[in-house]
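In the working numbering, the protein residues as written are 375 to 742. Cβ atoms here follow ideal geometry from the backbone N, Cα and C, with glycine treated the same way. Source: prediction; values computed, not measured. What follows is a set of notes on a single structure, which appears directly below.
If you want it as structure tokens, here you go:
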């Protein structure tokens, strides 16, 4: 399998302190990727069969890196398509113009509220009007320099929780106002007991009604209006023990499914450590069913010591294990002592790390 996309965390530092961010609880040093490490990466990528898309993102704000633009330009010169995820606060006119001129393919802006008050309640240290002004200016510059349909394409990343779920219907209007063509809604990953009270998947995480199974009745729904006449009935169906599909499209098709593995993605930490996914980029704690679960950092190695093509090849066995997904259903259970870490599960056959407790693999969380 080819490496098709590499998430590159050029920094784990951020200028905001968002309520749900893992950085608030991270017990390890933060840092900036040295430029030399990034250029080493570009040299090593030339040894792959194809150049992967480089998505500059991790758990920090990439535009805060002093060498952000030099890295973008170097990646483009090396033939890579470049994307990045940003909070949008630092995207002033010179940076926006440089991003457009460099040929960045996609910009994903994190916006977790469509009203100034709901946004400010979550993204502490930022103001929605300023971010929207920055994104509208990016759009104007793009149109002036390259045309309305040119790159970068813009997407909105929205982390849904109880305090902002009512904002979701207004996302389309906000997206249109900044020229965004896609909206990616993800559930919250709770890193504290307080944030676990904000999740919108209490029943979904405790039942398997999105999972097709020969042991349960499957109901296939047609297209129908969603309104006063149908919402109560549909809610009852989704809260039942039946497996649900829409026009025979299985809503559980992404259960026990890791997009990073299936689509050929990986993540590179700021210090050069290569991980199979963003969730294992840093050791951190997640709260599921009221219990803490430590997700340990997992690395195939460091690109300063071993070339990335070799590290990617070395992860082949792990990727196949994830595709087979012979892990315990820890997300749905959380019942035994093995749940406390991602190092073992009830199967006693999977090598560490084990992925049965991964919220991404059960379709509850998604990355841009």
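Under 7 Å between C-beta atoms of residue i and residue j
i: residue 689; j: residue 742; result: no
i: residue 482; j: residue 455; result: no
i: residue 486; j: residue 532; result: yes
i: residue 693; j: residue 635; result: yes
i: residue 458; j: residue 436; result: yes
i: residue 686; j: residue 377; result: yes
i: residue 708; j: residue 677; result: no
i: residue 554; j: residue 511; result: no
i: residue 576; j: residue 735; result: no
i: residue 620; j: residue 652; result: no
i: residue 673; j: residue 647; result: yes
Alpha carbon of residue i to alpha carbon of residue j, nearest angstrom
i: residue 622; j: residue 593; result: 9 Å
i: residue 537; j: residue 572; result: 7 Å
i: residue 490; j: residue 503; result: 7 Å
i: residue 416; j: residue 600; result: 49 Å
i: residue 579; j: residue 705; result: 7 Å
i: residue 733; j: residue 699; result: 14 Å
i: residue 726; j: residue 625; result: 29 Å
i: residue 449; j: residue 409; result: 12 Å
i: residue 540; j: residue 589; result: 36 Å
i: residue 654; j: residue 711; result: 20 Å
Option in the options with minimal Cα separation from residue i
i: residue 703; options: 687, 692, 722, 457; result: 722
i: residue 562; options: 610, 473, 737; result: 737
i: residue 380; options: 643, 560, 656, 730; result: 643
i: residue 668; options: 401, 382, 391, 392; result: 401
i: residue 497; options: 548, 389, 602; result: 389
i: residue 508; options: 464, 609, 419, 611; result: 464
i: residue 473; options: 524, 535, 414; result: 524
Nonlocal neighbours in the same chain, by C-beta distance under 6 Å from residue i, ignoring five residues either side
i: residue 396; result: 433, 565, 658
i: residue 407; result: 384, 644
i: residue 446; result: 456, 476
i: residue 666; result: 659
The ligand SAM heavy atom lying under 6 Å from the CB of residue i
i: residue 458; result: This structure simply doesn't include the ligand SAM, nor any ligand for that matter.
Neighbour-count burial assignment, residue i, 16 or more Cβ in a 10 Å radius
i: residue 424; result: exposed
i: residue 488; result: buried
i: residue 516; result: buried
Proximal residues to residue i (C-beta, below 8 Å), its chain only, five neighbours per side dropped
i: residue 405; result: 385, 386, 387, 644, 645
i: residue 440; result: 406
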